[in-house]
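Notes for the one structure printed next.
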Amino acid sequence: METFKTSNGIEYQFVHGLEQAEEITDFRQTSSCFNAHEVNPAIGCDFLCRYCSMYSQYDKEEHVPVKIYSDYPNYLRDYIKKHKNKENLIFNFSPKTDAFSLSMIESGMTENILKIFDEEGVKYYILTKSGLPPKEIQNLLIKSRDKNQIIISSGLPNEEIEAVLEPGAPPSSKRLEFAKFCSQSGIMVTGIVAPYLPIDDDNDYAYKVFNRFLNSGIRHASVQVLKLSVECLNRMCKLLPKYEQRLNQLFDINNAKSIEWKLPGGKTVIRYYADSSYLEKELKKLKLIAKNMNITVSTCKEVCININDVNYNAEAQQRGYNCVGFTKY
Ligand code: SF4
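Structure representation (structure tokens):
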């Protein structure tokens, strides 16, 4: 194992062998998730989100050091080559680490993986909170533009809260520069409002988030409200003391619906949905606001069931988008 630091000082390790690496699977977190093969060449993430569904669900957060598996590119190539119909493969790169975070870029892992996707001609999508990646990565994305999609994640109300909750990630203004680059280069790009932080009833918040997308050429957004473990809820209350009462009201864990959530390494945790009457009211409002701005929205199918609106994603589906806004499936 070799240890390095990113240019902003976060530790990452190169791990040889695949013993503790995540397998490539078409794993689905909920029974209604769509099929895509997860590619996770690293565990950990230097964006350090304080609500992260992978690394912030216990008392002790586990984002760093980021472990990067040096043998993963060969494993991925073999996996693709062994697949009978590789043209049907769709990869999700990489749900357990932001593919454009500094450790992934500076270690060369992202470039290696994108080259394999390009050479093998497979489809992939990448959900990210990153700003514009370096030139060589931009070129690889352009090269595969008929087979890829970028989903830009930007959901918090302002950069002040982003700095508290997403301390390692670039601010939304930078992420939207990446979105603009994609739309101007012919790369399919959509948005994900994740997390939509349920702390006020102010419509300005929704307009602000959708306007960011609209101004950078995005016409579809998936909307995801936080699901929190008890430990994560306590952390959020400490980080946002002004909103403590509101958060405890929304995540009323004695009455809320819960889901067993799988974490890297096989651990599980119980996470709670926000109050369903709040979710129903808020998601329906968001859909209306988005419609007036000519944006479609979608959300997780489990949430559609929780808010008694199984047709919530119907308009998005007509435009070819699934629950996370992925389109080339
Ligand atoms: S970018 Fe994603 S994987 Fe990384 S810390 Fe944030 S939520 Fe977790």
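The numbering of the sequence shown is this note's numbering, which starts it at 238 and goes up by one.
Ideal Cβ positions, reconstructed from N, Cα and C, are used throughout, including at glycine.
As the structure is a prediction and not an experimental result, all values here were calculated from the model.
Query, Result
"DSSP three-state assignment for valine 540, whether helix, strand or coil", "helix"
"Neighbour-count burial assignment, serine 293, 16 or more Cβ in a 10 Å radius", "buried"
"Cβ neighbours of glycine 454 in the same chain (closer than 8 angstroms, five flanking residues each side left out)", "Ala416, Lys417, Cys419, Ser420, Gln421, Val426"
"Sub-8 angstroms separation of proline 394 and lysine 352 beta-carbons", "no"
"Status (buried if at least 16 other CB within 10 Å, exposed otherwise) for arginine 472", "buried"
"Same chain only: Cβ atoms within 6 angstroms of lysine 242, ignoring 5 sequence neighbours per side", "Glu248"
"Tyrosine 362 in three-state terms, based on DSSP", "strand"
"Backbone secondary structure at glutamine 294 - three-state DSSP", "coil"
"Minimum length 3: unbroken beta strand (DSSP E) runs contained in the segment 387 to 446", "425 to 433"
"Span of the beta strand (DSSP E) around glutamate 497", "495 to 499"
"For glutamate 552 and tyrosine 480, the rounded distance between their alpha carbons", "33 angstroms"
"Rounded C-alpha distance that separates tyrosine 549 from aspartate 383", "28 angstroms"
"Meets three-Cβ-pair contact criterion under 8 angstroms: the segment 497 to 510 and the segment 452 to 471", "yes"
"Beta-carbon proximity check, alanine 458 vs glycine 562, cutoff 8 angstroms", "yes"
"Top-ranked residue by Cα proximity to asparagine 543, from Asn325, Ser344, Ser495", "Ser495"
"Limits of the unbroken alpha helix (DSSP H) element including tyrosine 316", "309 to 319"
"Option in Leu487, Tyr309, Cys474 with minimal Cα separation from valine 591", "Residue 591 is absent from the structure shown; the chain starts at 238 and stops at 566."
"Inter-residue spacing [alpha-carbon to alpha-carbon] between glutamate 399 and proline 408", "7 angstroms"
"Distance between glutamate 299 and aspartate 315 (C-alpha atoms, nearest Å)", "30 angstroms"
"Contact test: alanine 568 Cβ vs the ligand SF4 heavy atom, cutoff 7 angstroms", "The question about residue 568 has no answer, for the chain in this structure spans 238 to 566."
"heavy atom of the ligand SF4 below 7 angstroms from cysteine 537 C-beta", "no"
"Lysine 304 and glycine 281 closer than 8 angstroms at C-beta", "yes"
"Any non-hydrogen atom of the ligand SF4 closer than 7 angstroms to threonine 334 Cβ", "yes"
"Exposure of threonine 595, with buried meaning 16 or more beta-carbon neighbours within 10 Å", "What the structure shows of the chain is the stretch from 238 to 566, and residue 595 is not part of that stretch, so it cannot be assessed."
"Serine 367 to arginine 412 span [Cα, whole Å]", "5 angstroms"
"Inter-residue Cα distance where the pair is serine 290 and alanine 279", "16 angstroms"
"Cβ pair count under 8 angstroms reaching 3, the segment 436 to 445 against the segment 321 to 339", "no"
"Lysine 366: CB within 7 angstroms of a non-hydrogen atom of the ligand SF4", "yes"
"Nonlocal neighbours in the same chain, by C-beta distance under 7 angstroms from asparagine 485, ignoring five residues either side", "Cys474"
"Cβ-based neighbour list, leucine 369, same chain, cut-off 8 angstroms, excluding 5 preceding and 5 following", "Gln375, Lys411, Glu414, Phe415, Phe418"
"Local Cβ density within 10 Å of aspartate 335, reported as buried at 16 or more and exposed below that", "buried"
"Rounded distance between the beta-carbons of isoleucine 436 and valine 467, thought under 8 angstroms", "At roughly 19 angstroms, the Cβ-Cβ gap does not stay under 8 angstroms, so valine 467 and isoleucine 436 are not in contact."
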